[in-house]
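For the sequence shown, the positions run -1 to 513 when my numbering is used.
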Amino acid sequence: MGSDNMVKIFDTTLRDGEQAPGCGMTAEEKLRVAHQLEKLGVDVIEAGFPISSEGDFESVKVIAEKIRGCEIAGLCRANFNDIDRGWEAVRNAEYPRIHTFIATSDIHLKHKLRKSRDEVLEIISTAVKHARHYTENVEFSCEDATRTDLDYLCRAVDVAVRSGARIINIPDTVGYTVPEEFASIIRTLKEKVPGLDDIILSVHCHNDLGLAVANSISAIREGARQVECTINGLGERAGNASLEEIVMGLKVRNDRNPFKTRIHTEQLYPTSRLVSQVTGVNVQPNKAIVGANAFAHEAGIHQDGVLKERITYEIMDPEEVGIPSNKLILGKHSGRHAFKDRLEDYGYFLDDKAFENAFKKFKDLADKKKYVFDEDIEALISEEFVRSSDFYKLISANYSGGSDMQPVATVKLLIDGKEVTISESGDGPVDAAYQAVSKATGLNPTLENYVVASITEGIDAQGEVTVRVEDEGVITQGQGSNTDIVVASVKAYVNALNKLRWRKEHPKRVTSQGM
Ligand code: KIV
Ligand code: ZN
-1 MGSDNMVKIF
9 DTTLRDGEQA
19 PGCGMTAEEK
29 LRVAHQLEKL
39 GVDVIEAGFP
49 ISSEGDFESV
59 KVIAEKIRGC
69 EIAGLCRANF
79 NDIDRGWEAV
89 RNAEYPRIHT
99 FIATSDIHLK
109 HKLRKSRDEV
119 LEIISTAVKH
129 ARHYTENVEF
139 SCEDATRTDL
149 DYLCRAVDVA
159 VRSGARIINI
169 PDTVGYTVPE
179 EFASIIRTLK
189 EKVPGLDDII
199 LSVHCHNDLG
209 LAVANSISAI
219 REGARQVECT
229 INGLGERAGN
239 ASLEEIVMGL
249 KVRNDRNPFK
259 TRIHTEQLYP
269 TSRLVSQVTG
279 VNVQPNKAIV
289 GANAFAHEAG
299 IHQDGVLKER
309 ITYEIMDPEE
319 VGIPSNKLIL
329 GKHSGRHAFK
339 DRLEDYGYFL
349 DDKAFENAFK
359 KFKDLADKKK
369 YVFDEDIEAL
379 ISEEFVRSSD
389 FYKLISANYS
399 GGSDMQPVAT
409 VKLLIDGKEV
419 TISESGDGPV
429 DAAYQAVSKA
439 TGLNPTLENY
449 VVASITEGID
459 AQGEVTVRVE
469 DEGVITQGQG
479 SNTDIVVASV
489 KAYVNALNKL
499 RWRKEHPKRV
509 TSQGM
């Protein structure tokens, strides 16, 4: 298969994904995700929207400096300030890209931009030419393309191409289109805009009607050779097209969709888990490819079939997408060597001190649990090394209570380098502990959601708690796991508060949809 059939995967988890409420990531977390995206084999990482905040600028810059082997894009509105700032952030990348955009639909022109069609064409030309002073690698997006008058869309694309854009992106910004219509938009552009054959045509679909993946694949079949998507389908409102679904849709149905990507599919599941951990957003159990039930067979007749021959009810091998087949891995007698091997399988290469710390935690866990599963190790490592807990670190959480006693909890936290111990009473041990943490940190957000799930099976399973908190319009989520669910709850709350403080110290001035 020639390169004509190669589809570039443009991952926007760190930009569009991060824009979703509660999905904010710290700079350190973004870098960790970027390293994993590099390992996954994506072609382009859209690392952020540099003008939107100091924090975004810094994290795009660090990602551009540290990640090798893929293009790093920064999103910019179609104006000089955004483009100058965007270039400043990505310029040290091995392959920097400027991604600039403006809306082209009459709805956006009239109500948001308050500009005429001709004025917008002028802005496109000026912005793309300005970006081209910095690099050849310029992408232009017509925001709300699918609700744009088709003749005008062709004119806008033509102007962008003539001004020097090398990649033209057609976003279905509000998730409105349907596969045949989207295919016909792509076909028309290819027919009517001269020179489009030398340009990479890209699509970027939102999932408001649940059609983002279908629309993306339909556009690829018409000649789109870049697809913008996110891990776990994160993104504004109902999210973006899910990267794992597009990639496996092309791979499993290659007979119908004869296209290739450079994705190492066995990294899909580890990437999905990492993104879920750092954002605190759980993957729905029935999510295609990476959901907990995607390869689970409950009905007896299905189980019987799979045991006899896997392909009776499975169209993919779970190992192909990185779901570990042998989940039971280590026990209390496992040694340093086995533990180290397993960590390296996950991509964690720790220095001696960090390794000893992780090994001690593993041994403590193995003393509490008979069997230690992959998910247990992953939770332990992610809390230790993936998350940013610069501001507040939980040292201990203890509680007493019961049916005849007022619950009391005592938490010890390391706050900005100082140990703080607070005891509080409450309606239950979790309430008491949360009050103590709030008092210690001075943060008292509204608890919008609190969910407990068990990560592994059995009475000694680790509980995983996910919380969502809100304070003055800033929403963050946190996750924590432990064999004791009160301790898991406190970890989740502290994780959410760390993000809350980070978000408050790095406010977003604008979002790509807010202008
Ligand atoms: O959905 C959209 O239109 C976008 C653009 C900024 C590419 O995210
Ligand atoms: Zn978008």
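For glycine and all other residues, C-beta sits at the position ideal for the given N, C-alpha and C.
Use the C-beta contact count for residue i: other C-beta atoms within 10 angstroms, 16 or more gives buried, fewer gives exposed.
i, result
"residue 494", "buried"
"residue 8", "buried"
"residue 440", "exposed"
"residue 135", "buried"
"residue 336", "exposed"
"residue 31", "buried"
"residue 459", "buried"
"residue 466", "buried"
"residue 471", "exposed"
"residue 515", "Residue numbering for the chain in the displayed model covers -1 to 513; residue 515 lies beyond these limits and cannot be assessed."
"residue 356", "buried"
"residue 447", "exposed"
"residue 75", "buried"
"residue 165", "buried"
"residue 488", "buried"
"residue 313", "exposed"
"residue 24", "buried"
"residue 473", "buried"
"residue 213", "buried"
Considering only heavy atoms of ligand 4, does any lie closer than 7 Å to the CB of residue i?
i, result
"residue 14", "Ligand 4 is not part of this structure, which contains only ligand 1 and ligand 2."
What three-state label does DSSP hand residue i in the structure shown?
i, result
"residue 21", "coil"
"residue 357", "helix"
"residue 435", "helix"
"residue 209", "coil"
"residue 390", "strand"
"residue 405", "strand"
"residue 398", "strand"
"residue 549", "The chain is shown only over -1 to 513; residue 549 falls outside these bounds and no answer can be derived."
"residue 524", "An answer regarding residue 524 cannot be provided, because it is not within the stretch -1 to 513 covered by the chain."
"residue 169", "strand"
"residue 183", "helix"
"residue 281", "coil"
"residue 519", "Look at the range of the chain in this structure, -1 to 513, and you will see that residue 519 is not part of it."
"residue 71", "strand"
"residue 34", "helix"
"residue 238", "strand"
Going by C-alpha distance, which of the options is nearest residue i?
i, options, result
"residue 169", "31, 98, 142", "142"
"residue 189", "153, 201, 211, 164", "153"
"residue 138", "274, 197, 113, 183", "197"
"residue 237", "358, 418, 16, 195", "16"
"residue 239", "97, 333, 204, 438", "204"
"residue 499", "40, 390, 397", "390"
"residue 173", "163, 202, 192, 159", "202"
"residue 192", "480, 156, 176, 339", "156"
"residue 423", "410, 399, 442", "399"
"residue 194", "159, 277, 365, 311", "159"
"residue 230", "219, 285, 199, 187", "285"
"residue 149", "60, 102, 483", "102"
"residue 47", "72, 280, 34, 57", "72"
The beta strand (DSSP E) with residue i in it runs from where to where?
i, result
"residue 241", "Note, residue 241: premise wrong, no beta strand (DSSP E); alpha helix (DSSP H) at 241 to 250."
"residue 551", "A query on residue 551 cannot be resolved here, the shown segment of the chain reaching from -1 to 513 and no further."
"residue 8", "6 to 9"
"residue 201", "198 to 203"
"residue 112", "Taken as a continuous stretch (DSSP letters only), residue 112 belongs to no beta strand (DSSP E), as it is neither H nor E."
"residue 421", "416 to 423"
For ligand 1, is there a heavy atom less than 7 Å away from the beta-carbon of residue i?
i, result
"residue 439", "no"
"residue 202", "yes"
"residue 167", "yes"
"residue 257", "no"
"residue 141", "yes"
"residue 337", "no"
"residue 8", "no"
"residue 99", "yes"
"residue 209", "no"
Taking 7 Å as the cut-off, is the beta-carbon of residue i closer than that to any non-hydrogen atom of ligand 2?
i, result
"residue 19", "no"
"residue 144", "no"
"residue 284", "no"
"residue 233", "yes"
"residue 238", "yes"
"residue 171", "yes"
Start and end of the alpha helix (DSSP H) containing residue i?
i, result
"residue 493", "483 to 503"
"residue 441", "Segment: none, residue 441 is in no alpha helix (DSSP H) and carries neither H nor E."
"residue 160", "148 to 161"
"residue 79", "78 to 88"
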